[in-house]
Each structure stands twice: as C-alpha cells, then as structure tokens.
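Student: Residue numbers (this note's numbering), protein chains in the order written: chain E, 1 to 120; chain B, 1 to 120. Got a structure here, written out as structure tokens. Questions coming.
Protein chains: 2
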Amino acid sequence: MEDRYNVECCDLVCAHEDVIDRARRALPDEDTLYDLTELFRIFGDSTRVRILYALFTSEMCVCDIAELLGVTQSAVSHQLRALKNVRLVKSRRDGKTVYYSLADDHVKTIIDQGLEHVSE
Amino acid sequence: MEDRYNVECCDLVCAHEDVIDRARRALPDEDTLYDLTELFRIFGDSTRVRILYALFTSEMCVCDIAELLGVTQSAVSHQLRALKNVRLVKSRRDGKTVYYSLADDHVKTIIDQGLEHVSE
DNA sequence: TGAACATATGAGCAATTGCTCATATGTTCA
DNA sequence: TGAACATATGAGCAATTGCTCATATGTTCA
C-alpha cells in the first residue's frame, strides 16, 4: 500500500523525502485543482479578458460586444458561454436581446492581482 | 478616419454606440493584455498549479518535484521554465542541483482569489 | 580531465482550443 | 401564425499546448 519507498527519480538518489511528503500534504484535492485551473484557463485568452474589461463599464448585449471587439457574434457567444460556465458573467434577457454583466467582483480582484504582477 | 459609423453587426441595428465607445476606452492596451493573459494561461494547467502548491511549502529541486507529481524530470523542467518566464518562480543552483522557489507572494494571492471564487 | 549525475532543451505527436460557417432556438410583432 | 431578428450551438479546421524521448549542458569529484 505504501509506495513512498519507490524513489524512482534520478536513479534512486537525490530525493528529499521529508520535503516531498510535506509538499504532498499541501497539494489540493483533485476537484479543487480542476475547478481552479479551469477558472484560470478562462482568464488565459485575450478575447475573454477583453470581454470582461468591456463588462467592467456596463452590461452589454452580445451584438455590441461583437462590434466592439471586431469578432463574429458566434465567437462572442461561444466565449460568453465559457465565461458563464465558470460563473464569471451572468445574463438577462430583454426581449430578443440578451445582456451580459459581471457575476460578481472576484473578476476585478483577480485581474487586478494579475495586473499588479505583470506591471512590476 | 472615424469608423464608428461602420456598424456592421446584426444587420446594422441594435448597436448601442455610447456603451460601445465607453467600453472601448476601458480596454487595456495590446501589451498589457498580452502579458496578463500569458500570466493567467500559466495558472490554467494543473501540473503548473501543483508545482506552485508544492513550492508553497518550501523550495524544491526539479527531481523532487518530478517524484512528487509522478511526471518526467523533463516535463517538470519544461513547466518550471514556463513559470520562470512569467516570473512566478525563481531558481538557485547548489552544485548539480537546482532549487526552485516562489518569486514573490503574488502567486499565493492570485491562487487564493481563484479558490475563493470556485468555492462559493 | 573524464565519469557520473542533475537539469535544460529540441523535435515530434496527440489532445485541446478558438475561430468561422451554417443553422437551430427563442422572442417580438404585424 | 410567420417573418424578422438576436442569440446559441454543432461541426470542422488551423493553431497551440503539454507531454515523452533523446540528447545537450552544466557541475562535481576522484
């Protein structure tokens, strides 16, 4: 059952078992890790980040976002779905038009943290 | 020169020009956007996030990280380079061994913000 | 200096991603 | 109800990505 003895790296040498064990306990569980990376993956595309920036100013309909960014309505719609899946944006329908807005202000906090890092 | 009249989306209707103009001014410049999405893209992979979590506990050598995560030394090395490119980790050499550690505590802040969002 | 070892790196491949195109769905209004 | 319109969605494709394999680079020590 215990497989910590199986030190295969680097021809059985070098491994600092204590450090590895400590790190292993710090690793997040599978589900948390999945959710977390999925969330950040969403921030890793310029079209999506542009959409989020646009929504900082006010809610917008799909069509307006498409015009603003110079991409297809379809592309915007696909990306909005991705943003919605991770609950970064929400939508409301008004007649034929669907307005999208930021789900909460985590978006801004996360982007600001990122900005702070890159602008050092 | 002015091309705001060119409302091509949705058969020339629907566009809320004021909203679009306001949003356009809020968009980040090209370089900032590039740096920002590149940074978040790095957080969008589970191997890289696992490495960061491991480094939360202490500095570690490449070999230890490889054993911890059960991936190749090569894979770890490639990912560490990516993490280094965006200045999330730094390294120091001690003889044949290279120890990696977190570059600063933006890493933790960003991940914590992400966690807070996904665990709502 | 050369053998041993830790790490870095390039090539190549399967999997993923973001887009466009075509079309489906949902809503309004005459 | 059906035409008009805003949005959503599936298929398909080019580009990107993360891995492994092979090997190069850097360091120590006898």
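Think of the CB as a built atom: it goes at the ideal place given N, C-alpha and C, for glycine as much as any other residue. Bear in mind that the values here come from a model prediction, so they are computed numbers and not experimental data.
For chain E, check one thing: does any of its Cβ atoms lie closer than 8 Å to the Cβ of Val-89/B?
Tutor: no
Student: For Ser-91/E, which residues does DSSP report across the bridge?
Tutor: Tyr-100/E
Student: If contact means a Cβ-Cβ distance below 7 Å, which residues of the region 45-56 of chain E contact chain B?
Tutor: Asp-45, Ser-46, Val-49, Arg-50, Tyr-53, Ala-54 and Phe-56
Student: Does any CB atom of chain E fall closer than 8 Å to the CB of Cys-95/B?
Tutor: Residue 95/B is actually Gly in this sequence, not Cys. Not one chain E Cβ lies under 8 Å of Gly-95/B.
Student: Does the contact criterion of 3 or more C-beta pairs under 8 Å hold for the region 38-48 of chain B versus the region 62-82 of chain B?
Tutor: The region 38-48 of chain B, when compared against the region 62-82 of chain B, does touch it at the 8 Å Cβ threshold.
Student: Please list, in chain order, all residues of the same chain as Lys-59/E whose beta carbon is under 6 Å from its beta carbon, the five residues on each side excluded.
Tutor: The amino acid at residue 59/E is misidentified as Lys; the sequence shows Glu. Result list for Glu-59/E: Tyr-99 and Ser-101, in chain order.
Student: Assign Tyr-34/B to one of two classes, buried (16 or more other C-beta atoms within 10 Å of its C-beta) or exposed (fewer than that).
Tutor: Exposed, since its Cβ has fewer than 16 Cβ neighbours within 10 Å.
Student: Give every residue of the same chain whose Cβ lies closer than 7 Å to the Cβ of Ser-119/E, excluding the five residues on either side of it in the sequence, and list them in chain order.
Tutor: none
Student: Does the beta-carbon distance from Phe-40/B to Gly-114/E come in below 8 Å?
Tutor: yes
Student: I want to verify the contact list: residues of chain B whose CB lies under 9 Å from the CB of Ala-26/E, in sequence order.
Tutor: Tyr-53, Ala-54, Phe-56 and Thr-57
Student: Whose CA, out of Val-89/E, Glu-116/E and Ala-23/E, lies closest to the CA of Asp-87/B?
Tutor: The sequence shown places Arg at residue 87/B, not Asp. Minimum Cα distance to Arg-87/B is reached at Glu-116/E.
Student: How many angstroms separate the CA atom of Val-62/B from the CA atom of Gly-70/B?
Tutor: 12 Å
Student: Please confirm whether Asp-64/E and Ile-20/B have their CB atoms less than 8 Å apart.
Tutor: yes
Student: Return the CA-CA distance between Glu-17/B and Asn-85/B, expressed in angstroms with no decimal places.
Tutor: Taking the Cα positions, Glu-17/B is about 40 Å away from Asn-85/B.
Student: With a threshold of 8 Å between beta carbons, is Asp-29/B in contact with chain E?
Tutor: So, not an interface residue.
Student: DSSP three-state label for Ser-46/E, please.
Tutor: helix
Student: With a 10 Å radius around its C-beta and 16 neighbouring C-beta atoms as the bar for buried, classify Glu-30/B as buried or exposed.
Tutor: Classification of Glu-30/B: exposed, given that the 10 Å Cβ count is below 16.
Student: Identify, in the order they occur along the chain, each residue of the same chain with its Cβ nearer than 8 Å to the Cβ of Thr-72/E, setting aside the five sequence neighbours on each side.
Tutor: Ala-66
Student: Let me see if you follow: with CB-CB separation under 8 Å, is Leu-137/B close to chain E or not?
Tutor: Only positions 1 to 120 of chain B appear in this structure, which leaves residue 137/B out of reach.
Student: At the level of alpha carbons, what is the spacing between Asp-104/B and Phe-43/E?
Tutor: 21 Å
Student: Tell me whether Arg-93/E, by its Cβ, gets closer than 7 Å to a heavy atom of the ligand SAH.
Tutor: In the structure on display, the ligand SAH does not appear, and there are no ligands present to speak of.
Student: Measure from the C-beta of Leu-33/B to each C-beta in chain E and report whether the shortest distance is under 8 Å.
Tutor: yes
Student: Please check the pair Phe-24/B and Leu-68/E, which I expect to be a contact at CB under 8 Å, by giving their CB distance rounded to whole angstroms.
Tutor: One detail in the question is off: residue 24/B reads as Arg in this sequence, not Phe. Correct: roughly 6 Å between the Cβ atoms.
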